[in-house]
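Residue numbers (our numbering), protein chains in the order written: chain A, 1083 to 1631; chain B, 1083 to 1631.
2 protein chains.
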Amino acid sequence: MRRSVIGGAKRSSHFLLNQAHRSLLSPSPPPLHHHLGSSPSSSATALLLLLRRLSSSSSASSPPPPNMSNPVTVQSINPKVLQCEYAVRGEIVNLAQRLQEELKANPGSLPFDEILYCNIGNPQSLGQLPITFFREVLALCDHPTILDKAETQGLFSADSIERAWQILDQIPGRATGAYSHSQGIKGLRDTIAAGIEARDGFPANPNDIFLTDGASPAVHMMMQLLISSEKDGILCPIPQYPLYSASIALHGGSLIPYYLDEETGWGLEVSELKKQLEEARSKGISVRALVVINPGNPTGQVLAEENQRDIVEFCKKEGLVLLADEVYQENIYAPEKKFHSFKKVARSMGYGDNDLCLVSFQSVSKGYHGECGKRGGYMEITGFSPEVREQIYKVASVNLCSNISGQILASLVMSPPKVGDESYESYSAEKDGILESLARRAKTLEDAFNSLEGITCNKAEGAMYLFPRIRLPEKAIKAAEAAKTAPDLFYCRHLLNATGVVVVPGSGFGQAPGTWHFRCTILPQEDKIPAIVSRLTDFHKSFMDEYRD
Amino acid sequence: MRRSVIGGAKRSSHFLLNQAHRSLLSPSPPPLHHHLGSSPSSSATALLLLLRRLSSSSSASSPPPPNMSNPVTVQSINPKVLQCEYAVRGEIVNLAQRLQEELKANPGSLPFDEILYCNIGNPQSLGQLPITFFREVLALCDHPTILDKAETQGLFSADSIERAWQILDQIPGRATGAYSHSQGIKGLRDTIAAGIEARDGFPANPNDIFLTDGASPAVHMMMQLLISSEKDGILCPIPQYPLYSASIALHGGSLIPYYLDEETGWGLEVSELKKQLEEARSKGISVRALVVINPGNPTGQVLAEENQRDIVEFCKKEGLVLLADEVYQENIYAPEKKFHSFKKVARSMGYGDNDLCLVSFQSVSKGYHGECGKRGGYMEITGFSPEVREQIYKVASVNLCSNISGQILASLVMSPPKVGDESYESYSAEKDGILESLARRAKTLEDAFNSLEGITCNKAEGAMYLFPRIRLPEKAIKAAEAAKTAPDLFYCRHLLNATGVVVVPGSGFGQAPGTWHFRCTILPQEDKIPAIVSRLTDFHKSFMDEYRD
């Protein structure tokens, strides 16, 4: 019964993320799970939604009487918060944290001796080392009084010292402890703009750059700007990175899904975009923007330039803002593939500021550097009117500025050491070592998945993930039903309990109805990969032996 | 005419922040400025609102047809964004930035040779130096490979090296470049909880602490949780720090003002809270929370413990969440005053987790350290049910974590060097030097303001600001009207143009109707204070000479 609800949504159907919310207010609510992601992983939230539905209907029309003993309940909080899901740190990760505590308290009590977090693109948590030059510069900017001490010459590279001076000179009063301009320090934005120009071969304006604490706040800012109500729709890929569904839910908009085609290596078809756009419009939705994640998360596909041109043309023709998630631009593993920014593609088609509203998101958390903890990133916004830009600036100002270390790191990422700099060789060796290793890990894991019964896995051309499809036996699906769990969550939970490997069920990203996947990062260190492969293989065989029809 | 609109709101009237928004959708819109803050400083936004009103009424009921050439206009963005105001970085600051560029391009072209930013609590931008120990630890955590090198002993204090090791050992894999737990690194939360316990004499639970990128995102998170619609109200002091009005506007709630009493040193009367609460409830508003800023911003008052007990009792009785902005807890200048956290006050009354929902906001940006650029802070939430806490955790998870340097700094602020540590003496000297100097600066500026014709200024018992009241001559008010400007903005603009001193008009914080104020930080370095006083005095005299009735 449950399966028919979870898997029953038609591929072409138009999901309203806030459908469940509206259902709370309607006298005869539709099934709880008929919305994006099918929320099978979120039994807790489903319960809360149910509680809300069962609670006094007066809350919709008049303020509830104050509850003196408990002023905040799940029935009384913002339903958009209840609605939002973020599977990357959801139920499976909570279970992993409990197992980790168990391992610490009772070593040897579980069939594995460590938890391997393959749920999240967090390279340094799995042992990847930071790029030395970047950290040298950050340390010197944090404590500039050592810059002219003799010992510093022995501890830091000459070009890191020089770069730190350059950066300090770009900061008014050399005050790395001051709030900066709301968009970020102007000199750092100059550096980033120069880096974008060098990458694309087209001009970039430092005043178009907003530095942010990672890419996530930038995405939220754009959703906040574009979404007024559930009548505003955002076209998102399925599968997608759940920041998008979460942010759209938190801002009360409608996620309009377009499906990537697994058969053609997660191809993005403009005909599919068009179909979904028209269907949404026919339902009275004003579609405001198109999200494209390139390289893809969780899918790993790298778009061809030709395809990108079609997407640009589509956005221009249909009056959509193109929200280009380009945080994996450095993570390309397929030799025949190359990253092209959407701005470069649009400019090379002759389209300028008057033709297309385009936002490019970049982060210091990804790439070869993987500096997740530094929370640096930026968005480059082009094509917006001065009046709208002023509004974006105002919202940025409310939060004052992003953290200065993250700002500095964003400038370093877009302007790393160059040939001739003292650090260039060690920098290049560190960078190439990481990227080459990631490519090898991606291939090994992909091959391993493809060797397993009922699993097929597209190549990771880029990014940090594999998104294998599992064809689960009917018996496993029935067992999941009996456990009141989505089948992919059921599989991932069994995998975690047996191996300590943490992956995220496909339902957290969205997937074509009736298909099941999981996302697995390619980030465990290379010396651990063989053990992971053998654990995954053993687990999968015994799982299939148990549930094979 | 304009004056009657700006000053015409009755003190007891209940301002709906989203009134202007709703007016856009109504056939016969009320005056544009009849909402909190009167938005006189925001002529640009007023214009945009007007544009929106004049635009096609169809946008309210059905999706507008896509505008192919310009998909995003001020008419089509989220009206909550238009609604939001943040005067601390508003029109006056934009003018200051233009003047600064002018000074750079044409030195000597203006009657002053530098811009003095007294608009914002940003100590290090005005020359305050960071606390050495804090920066040593941050630098070592950024680049830990130098920790065991010989030269490091010569460059860094022994206890900073030891502390860095301790912190690294609290981070899984010593990975300062990894995303942390969504609430922040557990070991750092342990340290912060211990610091809170030492401060209050009551237990603190590390699981109640959420580390955030400064206090602002924490405030947004709570507003997001508590506000579902304009039917949800938040009691805020007037004058208030405009983060609160901005955040309430962005989340679509209603700001319920309560007035601080300027006559009694910005006293906070529970009778006033009660009156405003009842008035809001009679209008169908469900009042969810009370914001208290202690020490006060922009008012500088430090609440007496007795007064705090009354506030706690009021929140408990009325079922309100107490949102305690305690970011200035280290900034106390009045010898007879002492900071008491609301948690300590509630616990000392015998109230525990079951009696009161309480959130305390803290930041690394304020205090004696003033590390604004690091974007560190936390909120300690107590009294919420496990189900609601789970929702807060989920929202925190969507943004992954706050920046690790900010997290580390928050732990240092709550656990600075102790007697016997190598850095203790230099740390104490730096801290005391800054706080004593701030107290002197506050007194000098307060006396200067009070010596001026028509200006009265309450004492800054704490925080970083003075909020003098200006009694403007009728002629000045008429001139402001003629210039289509609020009188306080008119004064502040003249002040900036004449002296280079940037202050924020009182209308950005809210003020009793018919009164005019501005906020001026006490942060310029002490050697600059005499020149500032003389420039302010000369300006004020000539302004009064020009406009005296």
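Glycine included, C-beta positions come from ideal geometry on N, C-alpha and C.
Review point. Got a sec: is the Cβ-Cβ distance from A:C1602 to anything in chain B below 8 Å?
Key: Here residue 1602 of chain A is taken as the residue at index 520 of the first sequence, counted from 1. Output row for A:C1602: interface = no.
**Study point:** alpha helix (DSSP H) runs contained entirely in the stretch 1298 to 1358 of chain A, provided each spans 4 or more residues
**Key:** 1298 to 1308, 1325 to 1332
Review point. Under 8 Å between the Cβ atoms of B:N1376 and B:E1418?
Key: By 1-based counting over the second sequence, the position of residue 1376 of chain B is 294. By 1-based counting over the second sequence, the position of residue 1418 of chain B is 336. Taking 8 Å as the Cβ cut-off, B:N1376 and B:E1418 do not qualify as a contacting pair.
Practice item. Grab me the residues of B:D1282's own chain with a C-beta within less than 8 Å of its C-beta, minus the 5 sequence neighbours each way, in chain order. Key: In the second sequence, residue 1282 of chain B corresponds to position 200, counting from 1. Same-chain partners within the cutoff: S1423, K1425, K1426, R1429.
Check your understanding: Which residues of chain B have a Cβ atom closer than 7 Å to the Cβ of A:F1466, listed in chain order?
Key -> Locating residue 1466 of chain A in the first sequence gives position 384, where the first residue counts as 1. Those are V1154, listed as they occur along chain B.
Point to revise | Backbone secondary structure at B:H1263 - three-state DSSP | key: Translated into positions along the second sequence, residue 1263 of chain B becomes position 181. In this structure, B:H1263 counts as coil in the three-state DSSP scheme.
**Study point:** Where A:M1083 falls, given that 16 or more other Cβ within 10 Å makes a residue buried
**Key:** For the purposes of this step, residue 1083 of chain A is identified with residue 1 of the first sequence, where counting begins at 1. In this prediction, A:M1083 has a pLDDT of 32, which is less than 50 and means its spatial position is unreliable; what the coordinates show is noted afterwards. Classification for A:M1083: exposed.
Practice item. Look at the alpha carbon of A:L1405 and the alpha carbon of A:D1290, and state the distance between them as a whole number of angstroms. Key: Residue mapping note: residue 1405 of chain A aligns to position 323 of the first sequence, counting from 1. Residue mapping note: residue 1290 of chain A aligns to position 208 of the first sequence, counting from 1. Their backbone Cα atoms lie some 14 Å apart in a straight line.
Check your understanding: Along the chain, which unbroken stretches of the alpha helix (DSSP H) at least 4 residues long are found entirely within the stretch 1195 to 1279 of chain A?
Key -> 1214 to 1224, 1232 to 1237, 1240 to 1252
Check your understanding: Sorted by chain position, which residues of the same chain lie with C-beta nearer than 7 Å to B:A1240's C-beta, five sequence neighbours on each side aside?
Key -> Start at 1 with the first residue of the second sequence, and residue 1240 of chain B comes out as number 158. Answer for B:A1240: E1504, listed in chain order.
Exercise for review: Could you please give the first and the last residue of the uninterrupted alpha helix (DSSP H) stretch that includes A:H1576?
Suggested key: What you label residue 1576 of chain A is simply residue 494 of the first sequence in a count that begins at 1. Per DSSP, A:H1576 belongs to the alpha helix (DSSP H) from 1569 to 1581.
Exercise for review: Could you have a look at B:P1587 and say whether DSSP puts it in helix, strand or coil?
Suggested key: Position 505 of the second sequence holds residue 1587 of chain B. Correct three-state label for B:P1587: strand.
Exercise for review: Compare the C-alpha of A:E1628 against each of A:L1554, A:L1605, A:P1606, A:A1613 and name the closest.
Suggested key: Counting from 1 along the first sequence, the entry for residue 1628 of chain A is found at position 546. Checking every option, the nearest Cα to that of A:E1628 belongs to A:L1554.
Practice item. Could you tell me whether any Cβ in chain A is nearer than 8 Å to the Cβ of B:D1295? Key: As a working note, residue 1295 of chain B is residue 213 in the second sequence. Interface residue, yes.
Point to revise | Contact set for A:P1352: own chain, Cβ-Cβ below 7 Å, skip 5 residues either direction | key: The residue you call residue 1352 of chain A lines up with position 270 of the first sequence. Rather than Pro, the amino acid found at residue 1352 of chain A in this sequence is Val. Around A:V1352: D1392, I1393, F1396.
Point to revise | Range of the contiguous beta strand (DSSP E) that encloses B:T1464 | key: Residue 1464 of chain B sits at position 382 when you count from the first residue of the second sequence. Per DSSP, B:T1464 belongs to the beta strand (DSSP E) from 1459 to 1464.
Review point. Within 8 Å (strictly less), CB to CB, does A:V1615 reach chain B?
Key: Within the first sequence, residue 1615 of chain A is the residue found at index 533, counting from 1. By this cut-off, A:V1615 is not an interface position.
**Study point:** Within 8 Å of chain A by C-beta, residues of the stretch 1241 to 1263 of chain B in sequence order
**Key:** P1254, G1255, A1257, T1258, G1259, A1260, Y1261, S1262
Check your understanding: So B:Q1390 is in the beta strand (DSSP E); what residue range does that whole segment cover?
Key -> Taking the first residue of the second sequence as 1, we reach residue 1390 of chain B at position 308. Counting along the chain, B:Q1390 falls outside any beta strand (DSSP E), though it belongs to the alpha helix (DSSP H) covering 1387 to 1400.
Point to revise | Interface residues of chain A facing B:Y1168 [CB-CB closer than 7 Å] | key: Within the second sequence, residue 1168 of chain B is the residue found at index 86, counting from 1. In chain order: K1476, S1479, V1480.
Review point. Nearest chain A C-beta to B:K1456 closer than 8 Å, yes or no?
Key: Residue mapping note: residue 1456 of chain B aligns to position 374 of the second sequence, counting from 1. It does; some Cβ of chain A falls within 8 Å.
Review point. Are the stretch 1183 to 1194 of chain A and the stretch 1467 to 1481 of chain B in contact at 8 Å, needing three or more beta carbon pairs?
Key: no
Check your understanding: Would B:Q1265 count as contacting chain C if we go by Cβ distances under 8 Å?
Key -> Looking for chain C here will not work: the only protein chains present are A and B.
Check your understanding: Does the count of Cβ pairs from the stretch 1479 to 1495 of chain B and the stretch 1304 to 1312 of chain B closer than 8 Å reach three?
Key -> no
Check your understanding: For the stretch 1417 to 1448 of chain B, which residues have a beta carbon sitting closer than 7 Å to at least one beta carbon of chain A?
Key -> C1439
Review point. Thinking C-beta only, is B:P1380 closer than 8 Å to B:F1549?
Key: Along the second sequence, read from residue 1 onward, the residue named residue 1549 of chain B stands at position 467. Along the second sequence, read from residue 1 onward, the residue named residue 1380 of chain B stands at position 298. Yes, these two residues count as a Cβ contact at 8 Å.
Practice item. Step through the CB atoms of chain B and report whether any lies within less than 8 Å of the CB of A:K1231. Key: Numbered from its first residue, the first sequence carries residue 1231 of chain A at position 149. Chain B contact via Cβ: present.
Exercise for review: Report back the beta-carbon spacing between B:I1330 and B:V1369 to the nearest angstrom; my notes put them in contact at under 8 Å.
Suggested key: The residue given as residue 1330 of chain B occupies position 248 in the second sequence. The residue given as residue 1369 of chain B occupies position 287 in the second sequence. With 8 Å as the limit, B:I1330 and B:V1369 do not qualify as a contact, their Cβ atoms being about 12 Å apart.
Check your understanding: For A:Q1473, which of helix, strand or coil comes out of DSSP?
Key -> Here residue 1473 of chain A refers to the residue found at position 391 when the first sequence is read from its first residue. Residue state, collapsed to three classes: helix.
Check your understanding: Between which two residues does the alpha helix (DSSP H) harbouring B:F1625 extend?
Key -> Counting from 1 along the second sequence, the entry for residue 1625 of chain B is found at position 543. Where B:F1625 is concerned, the enclosing alpha helix (DSSP H) stretches over 1611 to 1629.
Check your understanding: Where do the ends of the beta strand (DSSP E) carrying A:V1369 lie?
Key -> Position 287 of the first sequence, counted from the start, is the residue given in the question as residue 1369 of chain A. Looking at the DSSP string, the run of the beta strand (DSSP E) that includes A:V1369 is 1368 to 1375.
**Study point:** Residue-chain proximity (B:G1515, chain A), Cβ-Cβ < 8 Å
**Key:** Start at 1 with the first residue of the second sequence, and residue 1515 of chain B comes out as number 433. Cβ-Cβ to chain A under 8 Å: no for B:G1515.
Practice item. Determine the closest residue to B:C1483 out of A:V1154, A:G1458, A:G1255, A:L1372, with distance taken between C-alpha atoms. Key: Here the question's residue 1483 of chain B lines up with position 401 in the second sequence. Ranking the options by Cα distance to B:C1483, first place goes to A:G1458.
Practice item. Anything in chain B within Cβ reach of A:V1584, meaning under 9 Å, just list it in chain order. Key: Taking the first sequence and counting its residues from 1, the one referred to as residue 1584 of chain A is at position 502. Those within 9 Å of A:V1584 in chain B number zero; the least Cβ separation is about 14 Å.
Review point. Mind checking if B:I1159 is an interface residue toward chain A, Cβ cutoff 8 Å exclusive?
Key: Taking the second sequence and counting its residues from 1, one reaches residue 1159 of chain B at position 77. B:I1159 counts as touching chain A.
Check your understanding: Among A:G1349, A:S1442, A:V1373, A:N1481, which one has its Cα closest to the Cα of A:A1542?
Key -> Taking the first sequence and counting its residues from 1, the one referred to as residue 1542 of chain A is at position 460. Considering only alpha carbons, the answer is A:G1349.
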